[in-house]
Each structure stands twice: as structure tokens, then as C-alpha cells.
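Working notes, structure below.
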Amino acid sequence: MNRERTDDETPEGRRVAVRAGLCDGGGSGPVNLETQAPGTGTLSVLETAALLRELTAGLIAVTDFDEALVHLVRIAREAVAGVAWCGFTALRAGEPAGAAASDPALAGLDDLSHGPDSPAMSAIHRREMVLSEDLRREERWPAWTARARELGVRGVISAPVDVDEQVIGAINLYASAAEPLTTRHQLTAMLLAEHAGLLLAAVRGRERQAARADELDAALLGEGVVGQAIGVIMTQRGCPAPEALQVLRSAAASLDIPLREVAERLVVTVSRPRDS
């Protein structure tokens, strides 16, 4: 996973492949979003809009990647008709970087506990959607397939999800014996993978920003006059340091002056000897 990506392995390259409908296995062949004829195998504009809206609303304010994965699989499971379970497998620099499952009983199918041979890893490595309509006839992932069948899984679709330059993953849709996978599920998996990649990239960005803010807060808490001002506020209000820092920031924003200047004014004020 640390090798240099070719043009068709970049996020944009994969999106072209997804739009082209590349799909490995399962016998139903590739699905082309550009040429798919109208009918039961297609997704309507309203269905597509509803799914994208649900995903966006569920992830737009999340700042933790693992939490985002939990929201993603829950939304996908509830929104996609005929899918019994949903999971997500994530890698960072070729190593496991998180997994989520809509049903805890199936978590082992997504977290690579059965080794590197799984539909998710095949999708990630091949850079295309992987389909197995009937696991009773599947031979590609013996250990994984045996466990999946024990848990009642009949079919699986895994679609690769490009998040950013460090993280890649796969969204996994599982069908039970009563709900076979269809062309609509393949189209939905493509749509989920495309939009989830964009949303998860944004989550990762917010996560990094939050980490930098925490580092800045830690530096401010121990910095000269700002640290002194925070100490004054903590004493006056009986609050913890993070809350005192927020009070200081609010004052700076309200007065439209730098944080350090607010801190200096506060320290000077409390240091002034009172008239007897």
C-alpha cells in the first residue's frame, strides 16, 4: 500500500472507474451508469438525492473518523432496501485503520480478523467493486466466506472508497438468503463509495484541525501572560483551564482585539493595587 499510485489508482482515477461501472465477479458483469436503461435496475433522482442527503446530514459535523464510520454503516444499512447488513474496512499506509459494522455480530467480517483475504481487501487492491452473489459457490476467500456463511450472509458487494492520500477503505453491503443482491445494489454501492469518500475526507480534515487546535490550546495554557490570565479566570470563576481559555477567546472576539492583548489587560487590571 506504500507503493506509488498509478493514474487510475488516484482518487480521481477511481472515480472514473466507478462511473464506468467496473465490477469484479458475481456473474452479473459490469454496470455502466452512463448506459443503464431505465427500469427496476436503476436509481431514481429522488432515491439518489435522498441517500446523499442522509449521508451528508449524518457526517457533516462529525470530527472523529471512527465515529463517522459508525454513522456511515448505520445510515447505509437503513437507507438501502434489501441490504441486511453494512460494514466498512479502512486502511492507513497498508495497515488496519478502523472498521465498523451495522451489526456487532458481523464485525469480524470487516476488521480483517480472518486475514487479508476478504471482499473488502480485494476491492481495495483491485481498485474496483467486487461482487459475490452467492457465497455458497464462492472460492476466492475461503476462511472469510466460511465465517460469513455461518453468520447468515448469502451475498456481498465491496466497493473501494478513496478518502485521502493516507487512508483508503471499502464499504461492504451484505445480503441474506432472503434478499438477493441486484443491479440496484451495485449502483447504490458505487454511489455510497463515491460520496462517502468525499465526506470521510472532510471528517479527516476536521479531525486534523481539532488536533491542531488542541495543541495550540496546550501551548497557550502554559504561555506567559495568557497562562496568567487563564489562572485569574479559573480563580474567579472556579472553572477548569479549557473553559477559562474559552472565556478569554470570547472576550477577544467580542472586543475584536488579539487574545494576548485581552490577557495583558486582565493581568494588569488584577495586579493593580486597590485604593485603601
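Be aware that the sequence shown starts at 96, since it is given in the numbering used here, and climbs by one per residue.
Note that the Cβ used here is the ideal one computed from N, Cα and C, for glycine as well.
Under the three-state reduction of DSSP, which class applies to residue i: helix, strand or coil?
i: Pro191; result: strand
i: Ala254; result: strand
i: Arg222; result: coil
i: Ser366; result: helix
i: Ser227; result: strand
i: Ala176; result: coil
i: Leu295; result: helix
i: Gln304; result: helix
i: Asp259; result: coil
i: Leu138; result: coil
i: Pro353; result: coil
i: Arg235; result: coil
i: Ser217; result: helix
i: Pro337; result: helix
i: Leu150; result: helix
i: Gly203; result: helix
i: Val157; result: coil
i: Gly210; result: coil
Quick check: the Cα distance between residue i and residue j, rounded to an integer number of angstroms?
i: Ala243; j: Ser197; result: 15 Å
i: Leu221; j: Val321; result: What sits at residue 221 in the sequence shown is Arg, not Leu. Roughly 53 Å separates the two Cα atoms.
i: Arg235; j: Ala339; result: 58 Å
i: Leu287; j: Phe160; result: 17 Å
i: Val258; j: Ala215; result: 15 Å
i: Val168; j: Asn267; result: 9 Å
i: Glu359; j: Ala306; result: 27 Å
i: Trp180; j: Ala270; result: 7 Å
i: Glu223; j: Ser217; result: 8 Å
i: Gly326; j: Ala336; result: 8 Å
i: Leu361; j: Pro211; result: 59 Å
i: Val126; j: Ile252; result: With a pLDDT of 39 at Val126, under the threshold of 50, the modelled position of this residue cannot be trusted; read the value that follows with caution. Answer to the nearest angstrom: the Cα atoms are 13 Å apart.
i: Glu302; j: Leu295; result: 10 Å
i: Leu117; j: Leu201; result: Because the pLDDT at Leu117 is just 45, under 50, the model does not fix this residue reliably, and the point stays unresolved.
i: Gln304; j: His280; result: 35 Å
i: Thr291; j: Arg355; result: The amino acid at residue 291 is misidentified as Thr; the sequence shows Ala. Those two C-alpha atoms are separated by around 41 Å.
i: Gly182; j: Ser213; result: 12 Å
i: Val143; j: Gly189; result: The displayed chain sequence assigns Thr, not Val, to residue 143. Near 32 Å, if we compare the C-alpha coordinates of Gly189 and Thr143.
i: Thr130; j: Met285; result: A caution first: Thr130 carries a pLDDT of 36, below 50, which makes its placement in the model unreliable, though a value can still be read off. The alpha-carbon atoms of Thr130 and Met285 are separated by roughly 15 Å.
i: His166; j: Val363; result: 49 Å
i: Pro199; j: Thr330; result: 46 Å
i: Ala265; j: Arg332; result: 49 Å
i: Asp205; j: Cys334; result: 43 Å
Sort out for me which residues DSSP pairs residue i with in a bridge.
i: Phe183; result: Ala195, Ile266
i: Gly319; result: In the DSSP output, where bridge partners are listed per residue, Gly319 has none listed.
i: Val248; result: Ser271
Who are the near neighbours of residue i in its chain, counting only those whose CB is closer than 7 Å to its CB and skipping five residues on each side?
i: Ile170; result: Glu149, Leu150, Gly153
i: His209; result: Gly203, Ala238, Trp239, Arg242
i: Arg232; result: none
i: Ala193; result: Here residue 193 turns out to be Gly, not Ala, going by the sequence shown. These residues qualify, in order along the chain: Phe160, Asp161, Leu164, Ala185.
i: Pro353; result: Ala347
i: Val157; result: Ala163, His166, Val298
Enumerate in chain order the residues of its own chain whose CB-to-CB distance from residue i is below 8 Å, with the five nearest sequence positions on each side excluded.
i: Ala272; result: Gly247, Arg249
i: Leu293; result: none
i: Val357; result: Ala324, Leu343, Ala346, Ala347, Leu350
i: Ala145; result: Ala174
i: Pro133; result: Because Pro133 carries a pLDDT of 41, less than 50, the predicted location of this residue cannot be relied on, and no value is offered for it.
Quick one: what's got a C-beta closer than 6 Å to residue i's C-beta in the same chain, skipping five residues either side?
i: Pro191; result: Leu207
i: Pro275; result: none
i: Gln261; result: Arg187
i: Ile328; result: Ala339, Val342
i: Leu147; result: His290
i: Val365; result: Val327
i: Gly177; result: Glu274
i: Ala195; result: Leu164, Val165, Val168, Phe183
Shorter than 8 Å from the beta carbon of residue i to some beta carbon of chain D?
i: Ala194; result: Judged by its chain identifiers, the structure shown contains no chain D, having just a single protein chain.
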